[in-house]
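Undergrad: What follows is a single structure, and I will ask about it in a moment.
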């Protein structure tokens, strides 16, 4: 699956209709969550039947395409299924109990309720929400894909406008030559990452650099009267700053991940639990600003796309153990240099990256064979090399250009 994104251009009345469609989808999802709370034994089939009853009861729900309503039901059941799965696996901490959505920003259509023009530059939504024809602004060419390959169409609202996303089912794997190189990565706050060869990438700190501007925009929001038009405008300007930061962080992670995967046959990294790390209020802002999860997500995606091996290893003691002799050298976070009795002296992040690579090589016994003969094993072997890494293959491409 790939996701192709365009900016939607229309009239103010069409944008109002999109907002109404989004609110209707949110209404259906929240009603399904409430129905499940009142009847804990219901499943997805019962929620589909309840959706049919909602369409008969509320006229504004019936004006939304039936498949879009079904997609909202699937979103509701997805949160329910995730909650049950977390309980079954005994995930520590909160289990993600389904919550009501207050500010949804997207509505999803399936294979009906929309049609593309002959030039594939416009899309027409044919349900009774009166969205009508929207112009598609972007660099992608939908003529490369068949209509039956488009499985979902999403309308997304952001601070800088409205977007149309096409979820397309294609085989998106690229054949590449073997480089014969392997690498281990240790992410950090001082440097974005340090590899097992000693190279480090600087941390851009996009949020920290924009804090002054964010503070100014937030002050303007707080000074406006609640519910006024000027306050809504100030909130939108604040949202645009946050949107720019998130896009900068996303593009930075994507660019680095692509370069790392293209340059190596095996990439090892830490299996970090970001949710647990951000509980430290002293480091939470810096950890979120670094964007480690996005970097890992793109590493896994490009690993699948380019047929390379990506392995997530347990990060325990990777900073304390010596990568040369294996001895334990305890050090605090303020100690930036690793000094061992065996004579090894190097940066602690470099030492950790070497440990991560050693652990990955111990996990994947068939790596040497794969590097010598990349065609000896299928795609599933390369993507499943890290057995402890879950959901590696199920990623969806979001390589949409910045608009």
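In my numbering, the protein residues as written are 10 to 412.
Every residue, glycine too, gets a C-beta built ideally from N, C-alpha and C.
Between the C-alpha atoms of residue 110 and residue 31, what's the straight-line distance to the nearest angstrom?
TA: Your numbering for residue 110 matches position 101 in the chain shown. Your numbering for residue 31 matches position 22 in the chain shown. When rounded, the distance between both Cα atoms is 11 Å.
Undergrad: Go through its chain and collect everything with a Cβ distance to residue 51's Cβ below 6 Å, but skip five positions before and after it.
TA: By 1-based counting over the chain shown, the position of residue 51 is 42. Excluding positions up to five away in sequence, the list reads 45.
Undergrad: Taking its Cβ as the centre, do 16 or more other Cβ atoms sit within 10 Å of residue 47, making it buried, or is it exposed?
TA: For the purposes of this step, residue 47 is taken as the residue at position 38 of the chain shown. Label assigned to residue 47: exposed.
Undergrad: Would you kindly work out how many angstroms separate the C-alpha atoms of residue 28 and residue 166, rounded to a whole number?
TA: In the chain shown, residue 28 corresponds to position 19, counting from 1. In the chain shown, residue 166 corresponds to position 157, counting from 1. Approximately 8 Å between the Cα atoms of the pair.
Undergrad: Could you check if residue 175 is buried or exposed, using at least 16 other CB atoms within 10 Å of its CB as the buried criterion?
TA: The count along the chain shown starts at 1 and reaches residue 175 at position 166. Residue 175 comes out buried.
Undergrad: According to the neighbour-count rule (16 or more other Cβ atoms, all chains shown, within 10 Å of its Cβ), is residue 103 buried or exposed?
TA: Sequence index remark: in the chain shown, residue 103 carries index 94 (1-based). Burial call: exposed.
Undergrad: Taking residue 320 as part of the alpha helix (DSSP H), name the residues at either end of that continuous run.
TA: Taking the first residue of the chain shown as 1, we reach residue 320 at position 311. Note, residue 320: premise wrong, no alpha helix (DSSP H); beta strand (DSSP E) at 318 to 322.
Undergrad: Since residue 247 is in the alpha helix (DSSP H), which residue starts that stretch and which ends it?
TA: Here residue 247 corresponds to residue number 238 of the chain shown, with the count starting at 1. Where residue 247 is concerned, the enclosing alpha helix (DSSP H) stretches over 238 to 272.
Undergrad: Count Cβ pairs between the stretch 329 to 339 and the stretch 290 to 304 that sit closer than 8 Å; are there 3 or more?
TA: Contact between the stretch 329 to 339 and the stretch 290 to 304 is absent, because fewer than three Cβ pairs lie under 8 Å.
Undergrad: Can you name the start and end residues of the alpha helix (DSSP H) that residue 70 belongs to?
TA: By one-based count along the chain shown, residue 70 stands at place 61. Where residue 70 is concerned, the enclosing alpha helix (DSSP H) stretches over 68 to 71.
Undergrad: Express the C-alpha separation of residue 85 and residue 57 in angstroms, rounding to a whole number.
TA: On the chain shown, position 48 is the one that residue 57 refers to. On the chain shown, position 76 is the one that residue 85 refers to. Computed Cα separation, rounded: 11 Å.
Undergrad: Decide if residue 41 is buried, meaning its Cβ has at least 16 other Cβ atoms within 10 Å, or exposed.
TA: Here the question's residue 41 lines up with position 32 in the chain shown. So residue 41 ends up on the buried side.
Undergrad: Looking only at DSSP bridge pairs, what is residue 332 linked to?
TA: Stepping through the chain shown from its first residue, residue 332 is reached at position 323. In DSSP, residue 332 forms no bridge with anything.
Undergrad: At what residues does the alpha helix (DSSP H) containing residue 295 begin and finish?
TA: Numbered from 1 along the chain shown, position 286 holds the residue referred to as residue 295. Residue 295 -> alpha helix (DSSP H) spans 293 to 299.
Undergrad: At 3 residues or longer, and completely inside the stretch 99 to 173: list those beta strand (DSSP E) runs for me, N to C.
TA: Counting whole runs of 3 or more residues, the stretch 99 to 173 contains the beta strand (DSSP E) stretches 115 to 118, 123 to 125, 131 to 134, 141 to 146 and 159 to 167.
Undergrad: So what's residue 16 in DSSP terms, helix, strand or just coil?
TA: Residue numbering aside, residue 16 sits at position 7 when the chain shown is read from its first letter. The answer is strand: DSSP assigns residue 16 an E or B state.
Undergrad: Tell me whether residue 202 sits in a helix, a strand or coil according to DSSP, three-state version.
TA: Walking along the chain shown from the start, residue 202 turns up at place 193. Reduced to three states, the DSSP call for residue 202 is strand.
Undergrad: First and last residue of the alpha helix (DSSP H) that includes residue 76?
TA: Taking the chain shown and counting its residues from 1, the one referred to as residue 76 is at position 67. Element bounds for residue 76: 75 to 97.
Undergrad: Taking only the alpha-carbon atoms, compute the straight-line gap between residue 300 and residue 67 and give it to the nearest angstrom.
TA: Within the chain shown, numbered from 1, the residue matching residue 300 stands at position 291. Within the chain shown, numbered from 1, the residue matching residue 67 stands at position 58. Looking at the two C-alpha atoms, the distance is approximately 42 Å.
Undergrad: Would you check if the distance between the CB atom of residue 250 and the CB atom of residue 223 is smaller than 8 Å?
TA: In the chain shown, the residue the question calls residue 250 occupies position 241. In the chain shown, the residue the question calls residue 223 occupies position 214. In contact: residue 250 and residue 223 (Cβ atoms closer than 8 Å).
Undergrad: How would you label residue 162, buried or exposed, when you count the other beta carbons within 10 angstroms and need 16 or more for buried?
TA: Residue mapping note: residue 162 aligns to position 153 of the chain shown, counting from 1. With 16 or more other Cβ atoms within 10 Å, it is buried.
Undergrad: Using the Cα positions of residue 184 and residue 302, report the straight-line distance between them to the nearest angstrom.
TA: Your numbering for residue 184 matches position 175 in the chain shown. Your numbering for residue 302 matches position 293 in the chain shown. Distance between the alpha carbons of residue 184 and residue 302 is about 26 Å.
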